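Following: one structure in structure tokens, then a few remarks.
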Amino acid sequence: MECSEIINRLPVFLDSEIAEPEKFLIEEHLKSCFNCQKEAEKLSRVSDILNSVTDVEVSPYFIPRLKRRIKEEEVRQVVRLPFFDWAKRIAVPVGVSALFVIAVFGGNYLGHRLNQRLEKVAELNQEVANVTGSTSFEDFSEGSLVDAYNGLLTEGGK
Ligand SMILES: [Zn+2]
């Protein structure tokens, strides 16, 4: 199985709702594939958070807004986000407020990723400056950083 297939099936796999022989295939893949292992860890961490949260105070506008978002999502269905679908599915019985936790968690996660990227760009700048003796790279990295940030924001806004 391809990594993309594995990742699509991970939510079901982690819910222990998956049957043989697919279960076996995924287990075998996870033993040898670091990327999919990472993805599995991430998903099970969110699942733990959802299970531990039963009551979160949210703004009174949060639930109507969320319902509207879910409706929009159902109407569109253009971009398939397996993780979002999965989160919705387990969050409904737990309580809509749990989605709020995902939003917070997702925000932290994106922030972390962005920090890593900023560090990478700083390193790169330093390297280029060492080689060329100038900071002409600065302009380029500035632009790509904005792009990267926008990209992350769009991802996170889903
Ligand atoms: Zn993989």
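Numbering (the working numbering), first residue to last: 2 to 159. In this text, a Cβ means the ideal position worked out from N, Cα and C, and glycines have one as well. Quantities reported herein were computed from a predicted structural model and do not represent experimental measurements.
Option nearest residue i by Cα separation, candidates the options
i     : options                    : result
Ile7  : Asp16, Leu51, Glu21, Glu28 : Glu28
Glu3  : Phe63, Glu23, Ile71        : Glu23
Cys37 : Ile19, Ser48, Glu21, Phe14 : Phe14
Ser5  : His30, Ile71, Ala20, Phe25 : His30
Leu51 : Glu74, Asp16, Arg70, Ile71 : Asp16
Asn9  : Ser48, Lys72, Ser33, Leu44 : Leu44
Residue i, buried or exposed, once every other Cβ within 10 Å from all chains shown has been counted against 16
i     : result
Pro65 : exposed
Ala41 : buried
- Message: I need the residues with a C-beta less than 7 Å from some heavy atom of ligand 1; please give them in chain order.
- Response: The filter returns Cys4, Ile7, His30, Cys34, Asn36, Cys37, in chain order.
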